[in-house]
Every structure is written in C-alpha cells, then in structure tokens.
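Only one structure is covered here, and it is reproduced in the block below.
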C-alpha cells in the first residue's frame with residue numbers, strides 16, 4: 097500500500113531497540129505535529145509476498161523543511177557509470193547504514209558503502225534511455241542534481257515536480273536554491289505546487305516507463321547520507337503506469353488538491369509473485385487501506401515512523417495488543433514523540449515503543465504486518481498526510 101505519492105514492497109525487517117537522545121533539538125520538526133487540514137500530496141504502497149525481498153544496507157533520508165546540517169563531503173563531480181549494478185530481481189530495497197555512537201557523522205560511512213541507496217540512484221539515472229519523471233519533495237544534493245543534468249545531456253527527457261517552498265534558498269528566500277537553478281539552466285523543467293500551504297510530499301522517480309523508485313528518500317544530502325530512510329526499486333511497467341498517472345496530474349495538470357482518480361493497475365503482480373497495491377493522497381483512500389490491513393493482521397504489527405499522530409491507527413494497535421500472543425512494537429523519531437504523538441498512549445497500553453537514537457532523522461514511514469506485508473512510501477501516519 098502506498099499513501100500519498102509513494103510506494104512500498106514487502107520486506108522482512110527486524111526492529112532493533114533504540115534509545116532517546118536528550119541532546120536532540122526538535123524545534124525544526126514542529127511543522128509535522130500540527131493538526132491542520134492541509135492536503136498533502138503523498139503516496140503509499142502495500143507489498144505482499146511469502147518470499148524474502150532482497151535488500152541492501154545503505155543510508156537514506158534527509159531533513160524535511162528543517163535546519164539541515166552542512167555537508168562535509170567532497171562534492172567533486174561523480175562518475176555516473178558503473179557505480180552499482182541495477183538489481184536483477186523485480187523488486188529490491190535499500191537502506192542507509194546504521195549510525196555509530198551518539199555523535200557519529202553518518203555521511204562518511206554512507207559514502208563508503210557500495211550498497212548505499214545513492215549508488216543505485218546514480219546507476220538508475222545513468223541507465224535511462226528515453227525518460228525520467230521525478231516527483232520529489234526536496235532536492236538539494238549536488239551529485240543527485242548533476243546526475244539528472246548528465247542524463248539530460250545524453251538526450252533523456254527529464255521532468256521534475258517538487259514542493260514550492262523547497263525551490264527557495266534556505267539562507268536567502270529571495271533567491272532560488274543552487275540545485276533548482278542548475279536544473280533549470282540545463283533545460284530541465286521544474287514545476288512546483290505554488291504557495292498553497294500544504295506539501296507536495298511525494299518521493300518517486302519513473303525511469304523509461306518501467307522502473308519505479310520510491311520510499312521515504314528525498315534527494316537532499318541529509319536524506320541520502322545522514323537520516324534513516326528506505327528505498328524500494330521495482331521493475332514493472334504496470335506499476336510505472338500507476339505512478340505515471342499521478343505524475344501527469346501533478347506536472348501536466350497542476351492538480352495538487354484532492355481529486356480521486358482510478359489507479360490504472362490496482363493490483364500489480366511481479367514475476368516472483370509479490371503483489372503491490374498503490375495509493376495516492378489526498379483523496380486516494382490511503383488511510384482506509386492501511387487501517388484495513390491493520391485490522392486484518394493476525395500475529396504482529398511492527399512500525400518505524402517519523403511522525404505518528406493518527407489516533408484511529410493507534411486504537412487498532414492498542415486493540416491488537418490485547419489479543420493473546422499478538423506482537424506490537426515500534427520505533428518513532430525522538431524529536432516528535434512528545435508533540436501530538438501516540439507515543440505516550442502506546443506506552444500506557446504497555447506496547448513496546450522506543451524513540452530512535454539517530455542525531456539526524458529516523459525518517460521511515462513503514463509498517464510490517466504479519467511478517468509478510470510491508471506498507472511504505474512518503475505517507476506519514478498523521479492527519480496531514
């Protein structure tokens with residue numbers, strides 16, 4: 097199931113216990129805690145499989161409209177060929193590296209990791225022959241920007257839609273950020289959702305109308321090398337049709353408000369028998385699809401959630417916890433557990449839930465149900481999403 101503009105697949109994931117850092121500053125994340133009626137564009141996908149989905153360890157997400165630590169990496173131009181072979185399997189997942197210690201800088205570890213998601217991203221973009229359509233909430237990483245520009249030089253048609261507020265330079269809002277200027281100067285059209293107050297929160301890329309890249313991963317230096325994130329890559333023209341339909345609504349028609357529409361392929365079945373359902377918000381029934389899967393669960397629910405404020409979903413978790421033998425456990429981003437979060441309610445109901453220990457963000461939006469269904473994408477488990 098995918099909520100808002102995003103997709104997910106079934107992965108076998110084991111949750112590790114984490115701890116809360118008292119030194120974390122959370123002020124930059126308060127925007128995710130409000131209970132307004134903003135209509136956020138987002139996606140979620142539900143992946144079902146009895147087989148293990150191959151995955152890699154990597155590093156993903158970044159700060160969402162918050163204060164982003166400066167990158168300390170060498171920003172020399174990357175060679176975009178031969179960085180990482182694309183997976184031969186129809187579905188593949190990648191994750192950022194585990195952080196090490198309280199004050200470790202994740203970035204050098206991520207850059208050194210051959211399985212970090214950025215390596216797959218560059219290879220996927222380099223493999224494009226005809227087209228790349230990207231709906232990405234936030235873009236600022238120079239190497240990701242350069243990858244798009246290099247593809248454009250090869251004759252690949254590239255279109256990008258992003259959130260309007262993220263076009264601006266964070267230090268000087270009267271200017272456009274460097275990534276935006278570079279993309280436009282290269283002849284790449286970059287559309288946005290204007291100043292409507294809500295987010296264009298999608299995070300997906302469609303390559304040659306057959307590859308779909310989605311998950312919790314923004315194309316920022318923080319997201320790619322400091323935060324905890326996930327990426328799912330799916331080789332499926334049928335799934336690409338679903339995301340293409342949403343991309344056209346956003347990029348070509350400028351429809352960022354609730355506008356329920358038919359999904360071309362409501363149920364996609366891959367060669368390995370994995371099934372995928374895709375949902376887009378607002379107005380796409382994402383929350384209803386997720387709560388239905390939670391209600392149907394028979395033995396376990398595990399979650400990793402950047403923002404979790406939805407009381408209806410929390411009530412289901414608490415109800416399931418009272419079922420003999422049923423396991424509920426989760427990890428929340430430490431910066432958000434005290435603001436509108438379901439954290440205290442779950443703790444009071446003796447559900448095993450922890451705050452994460454990453455100085456940056458624990459940015460996943462993932463649920464694992466009965467160890468056979470994974471829900472992931474750009475959809476936070478909140479009213480705004």
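Residue numbers (our numbering): 97 to 481.
Ideal Cβ placement from N, Cα and C applies to all residues, glycine included.
Remember, predicted model here, so these are calculated numbers, not experimental data.
Beta strand (DSSP E) segment containing residue i, residue limits
i: residue 428; result: 423-428
i: residue 352; result: Where residue 352 is concerned, there is no enclosing beta strand (DSSP E), given that its DSSP letter is neither H nor E.
i: residue 452; result: Here residue 452 belongs to no beta strand (DSSP E), and DSSP marks it neither H nor E.
i: residue 233; result: Unbroken run through residue 233: none, as it is neither H nor E.
i: residue 144; result: 138-144
i: residue 301; result: 299-303
i: residue 288; result: 286-288
Same chain, Cβ closer than 6 Å to residue i, neighbours up to 5 away in sequence not counted
i: residue 343; result: 229 and 231
i: residue 421; result: none
i: residue 338; result: 359, 360, 361 and 374
i: residue 351; result: 345
Residue i versus the options, residue with shortest Cα-Cα distance
i: residue 348; options: 444, 465 and 256; result: 256
i: residue 398; options: 217, 461, 298 and 478; result: 461
i: residue 468; options: 452, 395 and 412; result: 395
i: residue 412; options: 445, 436 and 141; result: 445
i: residue 369; options: 143, 139 and 138; result: 143
i: residue 353; options: 225, 208 and 291; result: 291
i: residue 390; options: 423, 367 and 402; result: 423
i: residue 357; options: 473, 341 and 254; result: 341
i: residue 227; options: 252, 443 and 239; result: 252
i: residue 472; options: 363, 408, 261 and 325; result: 325
i: residue 305; options: 254, 207, 272 and 436; result: 254
i: residue 222; options: 208, 239, 419 and 209; result: 239
i: residue 140; options: 418, 385 and 453; result: 385
i: residue 402; options: 319, 419 and 387; result: 319
Beta-carbon spacing of residue i, residue j below 7 Å
i: residue 296; j: residue 259; result: yes
i: residue 438; j: residue 400; result: no
i: residue 477; j: residue 375; result: no
i: residue 486; j: residue 310; result: The structure shown has nothing for residue 486, since the chain only spans 97 to 481.
i: residue 410; j: residue 430; result: no
i: residue 372; j: residue 335; result: yes
i: residue 263; j: residue 289; result: no
i: residue 250; j: residue 215; result: no
i: residue 425; j: residue 448; result: yes
i: residue 224; j: residue 247; result: yes
i: residue 474; j: residue 261; result: no
Cβ neighbours of residue i in the same chain (closer than 8 Å, five flanking residues each side left out)
i: residue 245; result: 278, 279, 282 and 284
i: residue 220; result: 182, 301, 303, 307, 309 and 329
i: residue 367; result: 186
i: residue 443; result: 449
Near the ligand SAH: residue i beta-carbon under 6 Å from a heavy atom
i: residue 432; result: Ligands in the displayed structure: none, and consequently the ligand SAH is not present.
Beta-carbon contacts of residue i that lie in its chain and below 7 Å, excluding the five residues immediately before and after
i: residue 393; result: 416, 465 and 466
i: residue 365; result: 371
i: residue 433; result: 439 and 451
i: residue 204; result: none
i: residue 276; result: 263 and 286
i: residue 272; result: 263, 264 and 265
i: residue 408; result: 387
Endpoints, the alpha helix (DSSP H) within which residue i is located
i: residue 214; result: 213-223
i: residue 319; result: 317-321
i: residue 392; result: 382-392
i: residue 278; result: 274-281
i: residue 409; result: 407-417
| message | With a threshold of 8 Å, are at least 3 pairs of Cβ atoms found where one atom belongs to the stretch 228-237 and the other to the stretch 314-326? | response | Judged by Cβ distances under 8 Å, the stretch 228-237 makes contact with the stretch 314-326, as three or more pairs qualify.
| Are the stretch 446-458 and the stretch 376-387 in contact at 8 Å, needing three or more beta carbon pairs? | No, the stretch 446-458 is not in contact with the stretch 376-387.
| said: For the structure I just gave you, are there three or more beta carbon pairs, one from the stretch 185-195 and one from the stretch 326-338, closer than 8 Å? | reply: Yes: the two stretches touch, three or more of their Cβ pairs being nearer than 8 Å.
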